[in-house]
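Line by line, the protein sequences give chains H and Y. For the first sequence, the working numbering assigns the number 1 to the initial residue and increments by one for each residue that follows. For the second sequence, the working numbering assigns the number 1001 to the initial residue and increments by one for each residue that follows. We put the beta carbon where it would ideally sit given N, CA and C, even for glycine. Okay, structure first, notes after.
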Amino acid sequence: MIGVTAAALWSYWRRNPLQLLTMIAGLALATALWSGVQALNAEARASYAAAAAVVGEGRYDQLLPRVGDRIAQDSFVALRRAGWPVGPVLEGRLDLPEGEVLLLGIDPLTMPAGTGAAAQAATVPFARFLSGDVVLAHPDDAASLASVVSADVIPNADITQGTALADIGLAQTLLQKPKQLSRLVVAANLPLRLPPISDVAPDLILQPAQAGSDTAQLTDSFHLNLTAFGILSFAVGIFIVYGAVGLAFEQRRAMVRALRTMGLSMRFLMTMLIAEIGLISLFSGLIGVVLGYVLAASLLPDVAATLRGLYGAQVAGTLQLHPSWWLSSLGIALLGGAAAAASAVWRMSRLPLRTGRDPQVWAMQTARGWRVQSVVAVLLLIVAAVFVLQGGSLFMGFGAVAALLLGAALGLPPLLAATLRFAEGQAKGAVAQWFWADTRQQLPRLGLSMMALLLAITANIGVSTMVSSFRLTFIDFLDQRLFAEVYVSTETEAQAAAIEALADDGVTALPLLSVETRIGAQRADLYGARVGPVYAENWQFLAQDGIVWPRVAAGEAAIINEQLARRADLWPGDKIAITADLALPVAGVVGDYGNPIGQIIIGDDIFQTLHPTAKPNQFGVLGGGADVLTQRLQSELGLAPAQMIDQTALKATSLAVFERTFTVTAALNLLTLAVAGAAILLSLLTMASMRVPQLAAVWALGITRQQLGRLELARAAVLAALTLVLALPLGLMLAYLLLSVINVEAFGWQLPMFLFPTDYAVLGLVSVIAALLAALWPAVRLARTAPARFLQVFSNEA
Amino acid sequence: MLLDVENLSKSYDGPAGRVPVLSGVSLRINAGETLALTGESGSGKSTLLHLIGGLDQADSGRIVFDGEDIAALDDRARAALRRQKIGIIFQQFNLIPSLTVEQNILFQARLAGREAASDASSISAALGLTEQLEKYPEQLSGGQQQRVAIARTLVARPKMILADEPTGNLDEETATVVMEQLRSLVDKAGTALILVTHSPALASRMAHQRHLSHGRIS
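Encoded structure:
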């Protein structure tokens, strides 16, 4: 019985291969975009986790310096003597001929056994590791590393790419940080009656386990954006599947009715139909997984470059095929199939045995359901407004975006229907009147693709407005911040002194002093600025309290960036604790776009007092133009060209990092639009056979097939244009939410919103062209329909 | 002479090669005349009607309608002929589901560029459709839908109406009423009518009757 029934049900797909293709394509595309983005995120996070696992980040408590980024080795010794089971870690970047490597120094004797570093160190004989004669590195880095260190470099595939592991003594030598440590890892099981850390090492602060790695925290917002794209693309794909499944179930009502009259129970038939959807979903999911892998593999280099450029996060450049990833992708395909088929299955389960309705009637009935849809749409828009007004969290921000997009998508078909009804009322000729009425009648089916198009255009407008606003602001910001004509890196103190001496000769040389520090539990950079007219002329403040620079120069105030201001809720007039003993009032808050880390700027005198060992090895130099300065620095001070970067080159480098981010965004934008175009094409192809009787009647009345084809094209263009009209304000609302709500919550800074009318016009044109291209094939097929196909409609004879 | 069909032949591709449907069919009809075409299923009645209406093309022979050889016209010109001079009524009504009854009735006349509001009003009244004008086709019974199809054709004022089993989907009582109304309105308008039917009773109400058998006319 199962075989016979399955064959009967399958015969429908055999006779309607296009519908089957639509469903498979929709689900495969949805799965591909979802799983591709998940693969990118998973790969990046796996890299962070692998790097973090080396020193047990997240699993073990850690002791970090309260201020600055270094711990004196004496603190470690004091803690061990007091009975604290801590293991020292020193980390730092080691330059290689090509790129750099993160060198981790550990003491395998005191490192908790559960850390990756302890396990990796144990792969070589203990005594040999402790002798300081061995460095373990990823096979890809081993050769390069061997060229700069005298120790033996042993390749180890378990070590994260871009990372190397050595005994702490060797690391201190290689990183030129004698008797310095970065952090102390605390073993899980602590002995009883330990003295408080504040007594033994008051300069250290405890970061509890599970607080997450810095890298993971920093990059969360980037991954969140990718995830949002994945969800959006998945939703667009599911619209396609929903349409295809709905039509297939409606057209099989007669078959199901016939099978029931032949003695099959509705329960059995429902089981068969659900199993059929499951199998198709699984098959589509498999295709989606393959496509997703290809997509992720092609985008990974850009994503890795972005993460490296923006956050310094190392992500492996090759994609791993984790079983959890493809299994979850198949799961999401099944879930998507189930979601798209749920309402069709439910309606089928309530099918009465003896009544018949054709698909056209179903379309009309769907149109009646729009009243309910309109109410839901309005409710969702209200929810979006409430979320925006309440605000305060990333969840609220994304909730507002989801409610806004879903509400607008649901509201689109009723809005289009009302517009088309109005146009129909205004139409003068018979053809025009039929065109508008017929277009309105196609809405229940085409509406879904239009909803997909709306989401795609909205996402395009919203995201491109955000990205372009970001770009514009960032370029302004670079112009403001990169005020020096040439940036110089010195190699010796003599070179630094020589550059400072140039100040007497019409040249301004501003040392760039900085150390890593912590404000509470947050990492921040502390800068020492030699205040002069250059800063006052170039820097603009988002908020300020009276005169700023003179107070900073006098060591009486500090400037902080917006990220730190928002995170620590510190604003002009508030006091910020620079060290345990020094708190300065905040005099100004500056925009600091693209930087996720907090920043504090104080005068260089007070900076030198706090960090006497910090010597400037970078300078911003002005006076006479970049070319003249470069030549002078080369001839007079003997600096190598590689030690000097002119502002244009630095700006280009900075912009290049952001262009990578934009490349990823643009690729996803384009893919979303392509999926929406596919939705229109597949809808039109699916509808083509259904529409033959209606078109045959019009053809018989004297409208040529060519004219019908042209009208089909016009229909796609008109619907795309109307959708565009709604998508524009919706996209701008999305941009506002991204810039003023989500950006603040995710990145910690607010961006001004700019409008780009030319870009929107181009996008509009591209969208209409995409719709026209999608409609072209169905229109050509219609124009070339053999009269015999239409005549079949009128044939009364066998 | 309004219509002169001479030696018309048509065949279709079948599994075993070409299958002749019409073989050397000839017939003539004057303006305002009515003609019934009867025959068994598969005798070629509908095919003949489709050829006369310019919906299909003959393999050989001539169809001269109102002085024009339909067989020599291209697709565009044949479409124009249907818009302006020929009305077709189908068994399946072929109304446009997205338009109201009133819009359907006016549709072909407006396609032909004729102002037909007053005709539509009187013909709708004559066919008992006045109360249905704002409705959509799906809201009407089969008999009402066929009346709308008849009204649409008549309002366009064609010179000839081709009716292909117009009452085939209706019960006997409704069929009789609808045919009476069609006949009466055709007579009043002076329009020629070719009616394809299985029913001898309906055929007998036409001025002329011709029978088709195996693609040949008698």
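At a Cβ-Cβ threshold of 8 Å, H:Gly591 and H:Val548 do not count as neighbours. Burial is judged here by how many other beta carbons sit within 10 angstroms of a residue's own beta carbon; Y:Ile1088 has at least 16 and is buried. Fewer than three beta-carbon pairs drawn from the stretch 724 to 737 of chain H and the stretch 1130 to 1141 of chain Y are found closer than 8 Å, and the two stretches are therefore not classed as touching.
The Cβ atoms of Y:Leu1185 and Y:Gly1044 do not sit closer than 8 Å to each other.
The beta carbon of H:Gly447 sits no closer than 8 Å to any beta carbon of chain Y. Note that the C-beta distance between H:Leu109 and H:Ala166 is not below 8 Å. Linking H:Leu194 to H:Trp84 through their CA atoms gives a straight-line distance of about 7 Å.
Y:Phe1107 and H:Thr758 have their C-alpha atoms spaced approximately 42 Å apart. The beta carbons of H:Ser35 and H:Pro97 sit no closer together than 8 Å.
Selection H:Ala568, H:Ala626, H:Asn561 evaluated against H:Ile602 yields H:Asn561 as nearest (Cα-Cα).
It is roughly 18 Å from the alpha-carbon of Y:Glu1115 to the alpha-carbon of Y:Leu1081.
Under the three-state reduction of DSSP, H:Ser131 is assigned to coil, being neither helix nor strand.
One alpha carbon belongs to Y:Gly1067, the other to Y:Arg1078, and they sit about 14 Å apart. Contact between the stretch 773 to 784 of chain H and the stretch 706 to 716 of chain H is established, with three or more Cβ pairs separated by less than 8 Å. At a cut-off of 8 Å between beta carbons, Y:Leu1195 makes no contact with chain H. Taking C-beta atoms as the reference points, H:Ala142 and H:Pro125 fail to come closer than 8 Å. Interface flag for H:Val718 against chain Y is unset, since no Cβ pair is found closer than 8 Å.
DSSP, read as helix, strand or coil, puts Y:Ser1011 in strand.
Residues of the stretch 683 to 717 of chain H with a C-beta less than 9 Å from any C-beta of chain Y: Pro693, Gln694, Ala696, Ala697, Val698, Trp699, Ala700, Leu701, Gly702, Ile703, Thr704, Arg705, Gln706, Gln707, listed in chain order. Distance from the Cα of H:Thr609 is smallest, within the candidate group H:Ser635, H:Ser150, H:Gly555, for H:Gly555. For H:Ile600, the enclosing beta strand (DSSP E) covers residues 598 to 603.
Residue ranges of uninterrupted alpha helix (DSSP H) with 4 or more members, entirely inside the stretch 493 to 540 of chain H and ordered along the chain, are 493 to 501, 533 to 538. Closest by C-alpha distance to H:Gln750, out of H:Ile238, H:Leu633, H:Met466, H:Gly677, is H:Met466. At least one C-beta of chain H is nearer than 8 Å to the C-beta of Y:Asp1056. The secondary-structure analysis by DSSP pairs H:Tyr487 across a beta bridge with H:Gly620, H:Ile645. Per DSSP, H:Leu145 is one residue of the alpha helix (DSSP H) stretching across 139 to 146. Separation of H:Ser343 and H:Ile106 (C-alpha to C-alpha, rounded to the nearest whole angstrom) is 59 Å. Of all alpha-carbon atoms in Y:Val1101, Y:Phe1090, Y:Glu1006, Y:Gln1144, the one lying nearest the alpha-carbon of Y:Ala1058 is that of Y:Glu1006. The Cβ of Y:Asp1075 sits closer than 8 Å to at least one Cβ of chain H. DSSP places Y:Gly1017 inside the beta strand (DSSP E), whose first and last residues are 1017 to 1029. Nearest to H:Phe474 by C-alpha distance, out of H:Ile597, H:Leu295, H:Ala652, H:Gly399, is H:Ala652. Between the stretch 762 to 778 of chain H and the stretch 490 to 502 of chain H there are fewer than three C-beta pairs closer than 8 Å, too few to call the two in contact. Looking at H:Pro196, H:Ala333, H:Ser328, the one whose alpha-carbon comes closest to that of H:Ile24 is H:Ala333.
Rounded to whole angstroms, the gap between the alpha carbons of H:Ala400 and H:Leu454 is 17 Å. Taking C-beta separations shorter than 7 Å and ignoring five residues to either side along the sequence, the partners of H:Ala8 in its chain run Met255, Leu259, following chain order. In the DSSP assignment, H:Met396 falls within the unbroken alpha helix (DSSP H) covering 394 to 426.
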